[in-house]
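Here the structure comes first, spelled out in C-alpha cells, and everything after it is commentary.
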Amino acid sequence: MTQPLVLNYLRAKKQFPHVWCPGCGHGVVMGSLIRSIDKLELNKDNVVMVSGIGCSSRMTAYVDFNTLHTLHGRPIAFATGLKLAKPELPVIVITGDGDATAIGGNHFIHAARRNIDLTVILMNNNIYGMTGGQISPTTPYGGRGSTAKIGNPEHPFDICKLAIAAGASFVARSTAYHVPALDRLIQQALENKGFSLVEIFSQCPTYEGKWNKRGDAAAMLKYYKETAVPVASKSRYSEEELKEKFLIGVLHNEPKPEFTSEYEKIIEKYQSQLEMKNMSREKVEDESETKKQNDKTTATED
Amino acid sequence: MPEKAILMQGNEACAEGAIAAGCRFFAGYPITPSTEIAESLSEKLPSVGGKFIQMEDEIGSIGAVLGASVAGLKAMTATSGPGFSLMQEGIGFACMAEIPAVIINVMRGGPSTGLPTKTSQGDIMQARWGTHGDHFLIALIPESVKESFYLTIKAFNLSEKYRVPVILLLDEAIGHMREKIFLPEYSDLLLENRVIPMLPPQWYKPYEVTPDFITPMAPFGTGYRYNITGLTHDEMGFPTSKENEIVANMNKLRDKILRSAGDIVDHEALYTDDANTLVIAYGSGSRSAKEAVEYLRSRRRKVGFFRPITIWPFPEKELAQIIKKVDQVFVVEMNQGQIIDVVRKVECFHKKIFGINRYDGEMITPNQIISKIREAR
Amino acid sequence: MEEETVQRLKEELTQKTVERKRRSDMLVIYPKWCKACGICYDLCPQGTLDSDDEGKVYIKYPETCTGCRICELHCPDFAILVTGEPRKAPKAPDK
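Residue numbers (the working numbering), protein chains in the order written: chain A, 340 to 641; chain B, 382 to 758; chain C, 2 to 96.
Written out as C-alpha cells, the structure reads:
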C-alpha cells in the first residue's frame, strides 16, 4: 500500500489529526512544504524549521526536522542567528501575518534588507486565530474581528510589497487553493540564495470566515480562486479591477549578495590581516634574534 | 615568556574573555555604556573565524544569540539597562529551553533612560527577576577589569555546563575604567563545553530528567532531529499540559541550579573570624568598601568584609556562617537598596542591618562608608 | 424502562450502520483524520466523493474518479490519498 509521501516527514509520535481547525488552510501549506523539501531532496538532518507563536507556528511540532518553536514575532531573529552560525543548513521560517508583520515586523524588514538566506513561509489568514479571532495587520478596512466587531478602522498593508521595499531578493504569493503553484513557488524560494518570502493566503473558517461571513472552507477557497490574478496575466485587468484582486506567482526575483556569504568575506579580510601581522612580527623577532646572535658572537670574540 | 601587562578597558576585557572562553558568536545593538564590547568583538570574532552581527534591536539580538547557540556555538550579547529590559522574554526562553548564552549588562543609572554615561548597580533585582514566571539563572558581578576578563570565561563555563543563561553584571565604572591586566595563555584555561549526546538519535531524549538535571544538548544539523520550544514541555521537548510533566519540567529547571549551588556560588570574605561588624559590598562598590575596612582595621575596629561574586544564586549559606558572629551589618550599594533585602532574609533576627547607598551616578567613596559606620556606633 | 446506556448500546449493536466506502482502486480515506471540513467533496470535479452523516468524506461513485489528486492536495489533514494512476472516467450522475 503506497504510503503517502507526507507521512515520511511527519513525527509519528505526535498526535494526529493535527491541531488546526477543520478547513484551515495551514495543513495544506505543511503538505506543500513537505513535498517541496522532498522534491529538492534536502537531507532531513540538515533542514531547520523555526516558527514563532500562533496557529501557523504549531507546524514545527509535527515535522521531522530540526525544529525550533520560538517567541511571538521572533522566529526570523532566532533564524538569523542560527543561519549565520551554520550557513550550510537550510533554514525555513514558519510564521503568520500577525507573528511576522505585527510584533515581528522589525525583524521581518531587517532580515529582508540584509538579504540573509532564509525561506520565510508566511501563512496569512488576515486574523489572529490562536487567540480567538482578533484583527491583524492584513485585515481589510471595514473587515471584522473580535477586536473590531463593527468594522476595522485601519487599512492593511501588502506584505509582499513590504518585503520587496525592504530588499528581499525573492517574493512570491500563492493560496491554499493554488496548491500545485504553491509547491513550485516554495521550491523556487528554497533554491534562492537570499531572503525568500512565500506569502500564502490560508483560510481561517473558524474566525475570519465566521466574522466576515465568508461561508465554509470550500467557499473561502472558491473566493481565492476567483479573486487571484496570476502575475503573468496582470495586464488583462485595469487598474480599477486590480483593486479588488490580488496577484499570485513570483512577484519579485532579483538575486543579490547574500548576507552570510558577504560575512565570509569579512572573516577572510580579518584573517589575512592577522596573518600579515603575525608574519611581520615573526620577521621582526627573527631579525632581533639574529641580531642578538651576532652581538653574542662579537662579544665573545672581543 | 613572562606574561605581558596590558592596559585594558573593562568592556574590552569582557570581549577578550569571550574569545578566550571560545565564544564564536555575538549579536548586539549599540547602547551606552556597553557598545565597546560590540565594537571590540566586531573585529576579534571574525579574526578567529567567529561571527558578529549588529541586529535591529535588543530583542533581535537575544533571539539571534539563542539561534546561534542552538546551532552549537558559544554565543553572547552585551547591553545596558534599557536593552536588558527588552531582552527579558528571550532570557526566559533560554531558561525554559535550557539554551546556553551569556548576556553582559553594563549597568547605567536607571530607570528608563536614566543616566546613560554614569555608573549604577540598579539592575541587580532585574537580573534575577526580570523575566516572568518561576525561573533560575546565574549572575556574576566583577569588581575589576581583571575580574571582568576571568568572570566572562566563568560565565561561559557555567552557561555551557548548566545549559542556562548567565548574566554578567558590570557597573559602568568597571566597564569604562582601564586597568593593568596580565593575559594568561589561553591554552592553559580550563574551558567547559556543553555535553553532547552519546546515544544514537532514536534513543535521544532532549529534555530527559537526568540525575544532575543536565541533559546532553545536540547541536542542530548533527542528525538529532528534535524539538525545542518555550512551551512547558515533556522529556521529548514537546508541549505538555499534564500536571506531573509540568511539575517535573519546572523542578528540573530549579534543581539543576540549586542542587549545584556549591559548585556555582563564589564569594570573597576578609577579616571575618573576629569581626563584630560586617561590611557587604559587590562590584565597583567593593573597592571603596575594602579600603574603608582596611582603614577601620588599622584603627583596631573589628570590621569584616563580604563580597558576593555570584550575585545569583546569592551565597546565602556562606553569608549565614559569617553574619551569625557579628552585631551589625552595613550593605554598601550604588542603588537605593536591593541586595540588603536578601541579606535581611539570610539574617532575620535582631541583627542591626544598615544600608550605605549612593545613587547619584558617582562611585561611592571609602570616607562615605567610614563615616556611616562611625555614626552607627 | 431499561436505563439509558443499555438502551443506547442495544441500538448501536443492532442497528446496521450503513457501510460507507472509504477505499477504492483509486482512493484511500483515513476517516479518523478527516475533520468533515467539506473541501474535498466540494472541489471534486467528478462528483466522486460525498459526505456521510457525520460530514466525513466517503467514496460515493468510485468509478468516476480520474486520479487528478485535487482532493489529496487540498485536504488539510492528509485524510485522503490517491493510490491509482490518472485515468479517464465519466462524471457522477448528479454532477
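Cβ atoms here follow ideal geometry from the backbone N, Cα and C, with glycine treated the same way.
Asked	Found
G643 (chain B) classed as buried or exposed, judged by whether at least 16 other C-beta atoms fall within 10 angstroms	exposed
C-beta neighbour in chain A for L580 (chain B), strict 7 angstroms	no
Cα-Cα separation between P356 (chain A) and K698 (chain B), rounded to whole angstroms	52 angstroms
Within chain B, partners of K383 (chain A) - CB distance below 7 angstroms	R606
Minimum Cβ-Cβ distance from I40 (chain C) to chain A less than 7 angstroms	yes
Residues, ordered as in the chain, of the segment 428-444 of chain B that lie near chain A by beta-carbon distance below 9 angstroms	S428, V429, G430, G431, K432, F433, I434, M436, E437, D438, I440, G441, S442, I443, G444
C-alpha gap between R553 (chain A) and A475 (chain B), whole angstroms	41 angstroms
Through-space distance from L529 (chain A) to Y562 (chain A), alpha-carbon basis	28 angstroms
Neighbourhood of G666 (chain B) by C-beta distance below 7 angstroms, restricted to the same chain and skipping five residues each side	Q502, V713, E714, M715, I745
Same chain only: Cβ atoms within 6 angstroms of K584 (chain A), ignoring 5 sequence neighbours per side	T566, V568
Three or more C-beta pairs below 8 angstroms linking the segment 407-415 of chain B and the segment 586-593 of chain A	no
Option in A:K631, A:Q354, A:S390, A:K500 with minimal Cα separation from L457 (chain A)	A:S390
First through last residue of the beta strand (DSSP E) which encompasses M598 (chain B)	Unbroken run through M598 (chain B): none, as it is neither H nor E.
Chain A within 7 angstroms of V547 (chain B), Cβ atoms only	no
Presumed contact (8 angstroms Cβ cut-off) between L651 (chain B) and V674 (chain B), rounded CB distance	7 angstroms
Coil, strand or helix - G742 (chain B) by DSSP	coil
Endpoints, alpha helix (DSSP H) assigned at Q527 (chain A)	518-530
M468 (chain B) beta carbon less than 7 angstroms from that of E439 (chain B)	yes
Terminal residues of the alpha helix (DSSP H) in which D43 (chain C) lies	40-44
Cβ-Cβ separation, C404 (chain B) to S418 (chain B) (assumed contact under 8 angstroms), whole Å	With the sequence shown as reference, residue 418 (chain B) is identified as Ile, and Ser is not the correct amino acid for it. About 11 angstroms separates the two Cβ atoms, so there is no contact after all.
Selection from C:E86, C:L10, C:R9, C:D54 that minimises the alpha carbon distance to E1 (chain C)	Here chain C comprises residues numbered 2 to 96, so residue 1 (chain C) is not present and cannot be evaluated.
CA-to-CA distance, T610 (chain B) to Y531 (chain B), given in whole angstroms	32 angstroms
7 angstroms Cβ cutoff met for E524 (chain B) and R681 (chain B)	no
Inter-residue CB distance, A515 (chain A) and F540 (chain A) (contact presumed, cutoff 8 angstroms)	7 angstroms
Residue range of the beta strand (DSSP E) that includes M462 (chain A)	458-463
Selected residue, minimal CA-CA separation from C76 (chain C), among A:S395, A:G412, A:C363	A:C363
Short Cβ contact (7 angstroms threshold) for I562 (chain B) with K535 (chain B)	no
Cβ contact (3+ pairs, closer than 8 angstroms) linking the segment 614-626 of chain B and the segment 676-691 of chain B	no
T610 (chain B) in three-state terms, based on DSSP	strand
Segment limits, beta strand (DSSP E) that includes K363 (chain B)	What the structure shows of chain B is the stretch from 382 to 758, and residue 363 (chain B) is not part of that stretch, so it cannot be assessed.
Within chain C, partners of F355 (chain A) - CB distance below 7 angstroms	W34
Every unbroken alpha helix (DSSP H) inside the segment 666-739 of chain B [4 residues or more]	666-679, 697-704, 720-727
Euclidean distance between Cα positions of S577 (chain A) and D436 (chain A)	28 angstroms
Where H648 (chain B) falls: helix, strand or coil (DSSP)	strand
Cβ separation of P336 (chain B) and I645 (chain B), assumed to be a contact under 8 angstroms, to the nearest whole Å	The structure shown does not extend to residue 336 (chain B), since chain B is modelled only from 382 to 758, so the question has no answer here.
Members of the segment 465-482 of chain B that neighbour chain A once the beta carbon cut-off is set at 8 angstroms	E470, G471, F474
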